[in-house]
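A quick write-up on the structure given underneath.
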Amino acid sequence: AQKVTQAQTEISVVEKEDVTLDCVYETRDTTYYLFWYKQPPSGELVFLIRRNSFDEQNEISGRYSWNFQKSTSSFNFTITASQVVDSAVYFCALAPSTGGFKTIFGAGTRLFVKA
Amino acid sequence: DTGVSQDPRHKITKRGQNVTFRCDPISEHNRLYWYRQTLGQGPEFLTYFQNEAQLEKSRLLSDRFSAERPKGSFSTLEIQRTEQGDSAMYLCASSLSTGGMRTQYFGPGTRLLVL
Chain A
1 AQKVTQAQTE ISVVEKEDVT LDCVYETRDT TYYLFWYKQP PSGELVFLIR
51 RNSFDEQNEI SGRYSWNFQK STSSFNFTIT ASQVVDSAVY FCALAPSTGG
101 FKTIFGAGTR LFVKA
Chain B
1 DTGVSQDPRH KITKRGQNVT FRCDPISEHN RLYWYRQTLG QGPEFLTYFQ
51 NEAQLEKSRL LSDRFSAERP KGSFSTLEIQ RTEQGDSAMY LCASSLSTGG
101 MRTQYFGPGT RLLVL
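Line by line, the protein sequences give chains A and B.
So for the first sequence, the working numbering puts the first residue at 1; every next one is plus one.
So for the second sequence, the working numbering puts the first residue at 1; every next one is plus one.
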């Protein structure tokens, strides 16, 4: 079975706090891709990052960083020094490389950043 | 380079009516996907095309749903005899298929309300 679990439904932080969004996935595929998308109130899904299963290097992009750990099937996302504009719903997603190209999304984590 | 566009952005219809949505992908993308997103959930895969060929359909796509991509460019999603349970956001995404690229870029969605 292919599944993505985002256990945190909502997180509320005060501006400038660091926040980590958790993502745990399940797949039997050895080759797969993982993604994070942001969905602001406007509704459009904005692509943030893609990793493939053979690349466990952590990545940093500005205030965003991602920690991929294959051993625990986790792909967590950290926002450093959060800002009000970071308020959105964040989705983690899994795309197996074989057997079709559908992307399986988690239920999302709604992040509120208060000024 | 324009992004994925969808039309209309909002649609209100009465139960039993037919509706059709259009998606225009990023011009060089040969894959096109349809997803459905209900409140508080992540997007769920419906179907995808490679060029004009519809290659996979989810079990979510009942007989009342049909999707086409006649010339491998824009796509339409039609829902016949709409039901209240069809109320959702319908998202379109596109991607390339070469070089293992599977990042899907999403449009703004069409929000459907069936009364």
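Where a beta carbon is used, it is the ideal one built from N, C-alpha and C, also for glycine.
Source: prediction; values computed, not measured.
Can you name the residues of chain B whose CB is closer than 7 Å to the CB of R50/A? What R50/A touches in chain B: T103.
Taking G72/B as the query, report the chain A residues whose CB atoms sit under 8 Å from its CB, ordered along the chain. For G72/B, no chain A residue has a C-beta closer than 8 Å to its own C-beta; the minimum C-beta separation is roughly 16 Å.
Could you name the residues of chain B that F47/A contacts, counting a contact when the two beta carbons are closer than 9 Å? Neighbours of F47/A on chain B, chain order: T103, Q104, Y105 and F106.
Take every Cβ of the region 23 to 38 of chain A, pair it with every Cβ of the region 74 to 94 of chain A, and state whether three or more of those distances are shorter than 8 Å. Contact between the region 23 to 38 of chain A and the region 74 to 94 of chain A is present, because at least three Cβ pairs lie under 8 Å.
Apart from the five residues on each side of it in sequence, which residues of its chain come closer than 7 Å, Cβ to Cβ, to Q8/A? Excluding positions up to five away in sequence, the list reads L21, D22 and T109.
Check the DSSP bridge columns for V89/A and list the partner residues they point to. For V89/A, DSSP records a beta bridge to Q39/A and R110/A.
Could you tell me the distance, in whole angstroms, from the CA atom of I60/A to the CA atom of F77/A? The straight-line gap from Cα to Cα measures roughly 10 Å.
Just how far apart, CA to CA, sit G85/B and K11/B? G85/B and K11/B: Cα-Cα distance of roughly 14 Å.
How is the beta strand (DSSP E) around S73/B delimited, first residue to last? Under the DSSP assignment, S73/B falls outside any beta strand (DSSP E); it carries neither an H nor an E label.
Less than 8 Å between the CB atoms is what I'm expecting for R36/B and L60/B, so what's the real figure, rounded? Indeed, because the Cβ distance is near 7 Å, the residues count as touching under 8 Å.
Minimum Cβ-Cβ distance from F45/B to chain A less than 7 Å: Closer than 7 Å: yes.
Give the interface partners of L91/B over in chain A, defined as CB-CB distance under 8 Å, in chain order. In chain order: L45.
Mark P70/B as exposed unless 16 or more other C-beta atoms lie within 10 angstroms of its C-beta, in which case mark it buried. With fewer than 16 neighbouring CB atoms inside 10 Å of its own CB, P70/B falls in the exposed class.
So is Q17/B buried or exposed if we call it buried at 16+ other beta carbons inside 10 Å? With fewer than 16 other Cβ atoms from the protein chains shown falling within 10 Å of its own Cβ, Q17/B counts as exposed.
Where does Q37/B sit, in a helix, a strand or coil, going by DSSP? For Q37/B, the secondary structure class from DSSP, reduced to helix, strand or coil, is strand.
Given this structure, state the Cα-to-Cα distance separating T80/A from T82/B, to the nearest angstrom. Near 45 Å, if we compare the C-alpha coordinates of T82/B and T80/A.
Which residues of the region 75 to 100 of chain A have a Cβ closer than 8 Å to any Cβ of chain B? Give them in chain order. Close to chain B, meaning a Cβ-Cβ distance shorter than 8 Å, are the following residues of the region 75 to 100 of chain A: F91, A93, A95, S97 and G100.
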